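Residue numbers (my numbering): 45 to 577.
So, in structure tokens, the structure goes:
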């Protein structure tokens with residue numbers, strides 16, 4: 045269950061602090077954490093004329109939305125952690141005047157399968173979708189059900205997405221805005237598994253639909269908490285269409301542009317500056333900072349925390365909320381060529397241009413969840429892959445692009461942090477091997493035969509478990525959303541913008557805010573609006 049959101053009404057806490065130490069600098073706003081949300085907040089506040097300081101403990105800004113060259117001696121700049129864009133409102137891009145673009149993928153998804161001993165698959169996107177459904181399922185029913193179901197989610201997206209950068213609506217107000225009783229029941233009231241089973245009959249089609257409910261979320265299709273519904277909702281409302289687009293230049297292009305926009309507006313950004321304590325009386329605050337030159341105390345009218353709710357509690361000296369648990373395996377690869385497929389009806393450049401689903405049939409997803417819930421690595425680990433460089437080759441050096449090299453990003457499901465607690469390295473290696481074996485089952489050649497070699501002669505592949513993400517990025521339990529997602533309406537314990545805390549001048553602007561999660565900038569925007577109001 046998600047940790048409860050703090051009350052919007054300022055209340056004295058048991059660990060209430062009175063600022064007292066003399067401060068070297070004073071700002072209207074100090075932002076703790078230079079991830080994309082912190083940079084969005086900094087740019088908005090600085091453009092409003094406020095003095096703003098961003099504190100980032102790492103050597104560079106960007107958080108999980110960065111591009112790096114992970115392979116020694118290889119000129120390939122990959123989106124190392126987060127990798128696709130859907131939830132970033134164009135309003136933020138326009139308001140901040142950032143130089144950032146996305147490209148549409150030519151294919152939405154491809155899911156390989158074996159039917160009657162014959163390799164086949166489901167290709168969604170472009171002009172072959174209907175034909176692909178018919179070849180897989182032997183008729184029109186599943187295709188027509190697919191059309192109806194996603195027409196419904198698009199109507200919801202068109203109504204809900206614009207509210208993400210507005211004050212939180214009441215639950216009934218959002219329900220009235222959607223104005224579709226079936227859609228409301230499907231997405232907000234009953235487990236998504238009910239709708240999947242009611243609308244679709246083919247196991248593979250059911251699985252493809254369900255995957256959007258499981259990205260970074262460890263849940264069964266029928267989980268009564270509806271955490272899978274919340275995850276599904278955020279995966280189908282982006283941009284009012286639900287499209288997941290490729291960031292041109294990689295994810296670092298976005299955060300680099302945001303950092304430039306913040307600085308251009310007058311914000312100051314200090315890297316290798318780690319906030320270690322926040323003291324506040326609700327009106328004035330002081331932030332203790334560990335710098336390369338020692339400890340410093342900085343005064344501010346308000347503090348915006350672009351970190352997890354656990355980190356916020358630690359900074360305030362409060363009891364942390366319920367622990368979060370991430371549940372994914374993230375793998376980056378560089379290939380000398382795309383592998384050949386057993387399904388000869390589709391070109392690999394089509395199959396990998398969208399989301400390539402592996403071991404994600406409905407029954408397979410349920411089996412993998414049961415394995416992981418019982419403390420075992422899934423026997424057939426589900427995952428999905430996409431190739432950034434097919435849509436945007438700019439992330440490759442000219443020589444690699446000319447030689448036909450390609451990047452692959454793999455995101456594994458149902459890999460909760462608990463599975464790695466005893467021996468992270470051994471579990472990572474075992475899960476990676478099993479995951480690649482599931483992919484190889486649909487290829488004419490092992491994926492490892494296609495891997496490029498780095499400058500040291502090592503294969504260009506890296507894998508990150510939840511524990512690796514916790515270590516590298518301080519994501520609590522490796523949870524990519526910081527905690528379970530919340531429905532985008534007031535719940536009685538949220539503030540007007542979903543970023544408020546128990547202290548009037550301390551705001552949460554990270555992914556753990558209401559309507560946080562994903563690369564959206566929404567919590568950063570909303571925290572800035574709360575501060576300015």
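In this text, a Cβ means the ideal position worked out from N, Cα and C, and glycines have one as well. For clarity, every value in this text was computed on a predicted model and none was experimentally measured.
Pair within 8 Å by beta-carbon distance, residue i and residue j
{"i": "residue 342", "j": "residue 105", "result": "no"}
{"i": "residue 165", "j": "residue 387", "result": "yes"}
{"i": "residue 203", "j": "residue 174", "result": "no"}
{"i": "residue 117", "j": "residue 498", "result": "yes"}
{"i": "residue 282", "j": "residue 197", "result": "no"}
{"i": "residue 121", "j": "residue 113", "result": "yes"}
{"i": "residue 579", "j": "residue 416", "result": "Only positions 45 to 577 of the chain appear in the structure, and residue 579 is not among them; the question remains open."}
{"i": "residue 268", "j": "residue 533", "result": "no"}
{"i": "residue 290", "j": "residue 146", "result": "yes"}
{"i": "residue 195", "j": "residue 549", "result": "no"}
{"i": "residue 311", "j": "residue 96", "result": "yes"}
{"i": "residue 333", "j": "residue 339", "result": "yes"}
{"i": "residue 570", "j": "residue 245", "result": "no"}
{"i": "residue 522", "j": "residue 461", "result": "yes"}
{"i": "residue 265", "j": "residue 410", "result": "yes"}
{"i": "residue 373", "j": "residue 479", "result": "yes"}
{"i": "residue 475", "j": "residue 459", "result": "yes"}
{"i": "residue 296", "j": "residue 111", "result": "yes"}
{"i": "residue 294", "j": "residue 524", "result": "no"}
{"i": "residue 131", "j": "residue 278", "result": "yes"}
{"i": "residue 205", "j": "residue 284", "result": "yes"}
{"i": "residue 218", "j": "residue 230", "result": "no"}
{"i": "residue 621", "j": "residue 453", "result": "The chain is shown only over 45 to 577; residue 621 falls outside these bounds and no answer can be derived."}
{"i": "residue 298", "j": "residue 531", "result": "no"}
{"i": "residue 92", "j": "residue 517", "result": "no"}
{"i": "residue 171", "j": "residue 406", "result": "no"}
{"i": "residue 321", "j": "residue 336", "result": "no"}
{"i": "residue 540", "j": "residue 211", "result": "yes"}
{"i": "residue 187", "j": "residue 179", "result": "no"}
Supposed close pair residue i, residue j - CB separation, criterion 8 Å
{"i": "residue 542", "j": "residue 557", "result": "5 Å"}
{"i": "residue 457", "j": "residue 274", "result": "That pair is no contact at about 16 Å."}
{"i": "residue 74", "j": "residue 344", "result": "4 Å"}
{"i": "residue 292", "j": "residue 507", "result": "Going by Cβ atoms, the distance from residue 292 to residue 507 rounds to 26 Å, so no, they are not a contact pair."}
{"i": "residue 123", "j": "residue 432", "result": "7 Å"}
{"i": "residue 495", "j": "residue 379", "result": "6 Å"}
{"i": "residue 142", "j": "residue 397", "result": "Actually they do not touch by this definition, with Cβ atoms about 26 Å apart."}
{"i": "residue 552", "j": "residue 235", "result": "Going by Cβ atoms, the distance from residue 552 to residue 235 rounds to 28 Å, so no, they are not a contact pair."}
{"i": "residue 280", "j": "residue 201", "result": "6 Å"}
{"i": "residue 441", "j": "residue 119", "result": "3 Å"}
Paired residues, beta bridge with residue i - DSSP
{"i": "residue 69", "result": "342"}
{"i": "residue 582", "result": "Nothing about residue 582 can be reported from this structure: the residues present for the chain run from 45 to 577 only."}
{"i": "residue 330", "result": "323 and 343"}
{"i": "residue 147", "result": "290"}
{"i": "residue 532", "result": "Looking at the DSSP assignment, residue 532 forms no beta bridge with any residue, so it has no partner."}
{"i": "residue 157", "result": "164"}
{"i": "residue 544", "result": "551"}
{"i": "residue 349", "result": "76 and 552"}
{"i": "residue 335", "result": "338"}
{"i": "residue 487", "result": "385"}
{"i": "residue 495", "result": "379"}
Contact test: residue i Cβ vs the ligand GTP heavy atom, cutoff 7 Å
{"i": "residue 190", "result": "For the ligand GTP, the structure offers nothing, since it holds no ligand at all."}
Take every Cβ of the region 396-405, pair it with every Cβ of the region 421-429, and state whether three or more of those distances are shorter than 8 Å. yes
Counting Cβ pairs closer than 8 Å, one from the region 254-261 and one from the region 181-193, do we hit at least three? no
If we count Cβ pairs, one from each stretch, closer than 8 Å, do we get three or more for the region 134-144 versus the region 365-378? no
In chain order, which alpha helix (DSSP H) runs of at least 4 residues are fully inside the region 72-135? 80-91
Any chance the region 560-571 sits against the region 381-395, with 3 or more Cβ pairs inside 8 Å? no
When you compare the region 343-354 with the region 81-100, are there three or more beta-carbon pairs, one atom per stretch, that lie closer than 8 Å? yes
Contact between the region 155-169 and the region 375-383 (3+ Cβ pairs under 8 Å): no
With a cut-off of 8 Å, do at least 3 Cβ pairs link the region 74-83 to the region 290-308? yes
Examine the Cβ distances between the region 511-519 and the region 459-473 and report whether three or more of them are shorter than 8 Å. yes
For the region 389-449, list the alpha helix (DSSP H) runs that are entirely contained and at least 4 residues long, ordered along the chain. 392-395, 406-417, 432-435 and 442-446
Whole runs of the beta strand (DSSP E) within the region 231-318, excluding any shorter than 3 residues: 312-315
I'd like the ranges of any alpha helix (DSSP H) spanning at least 4 consecutive residues and lying wholly in the region 186-235. 215-222 and 225-228
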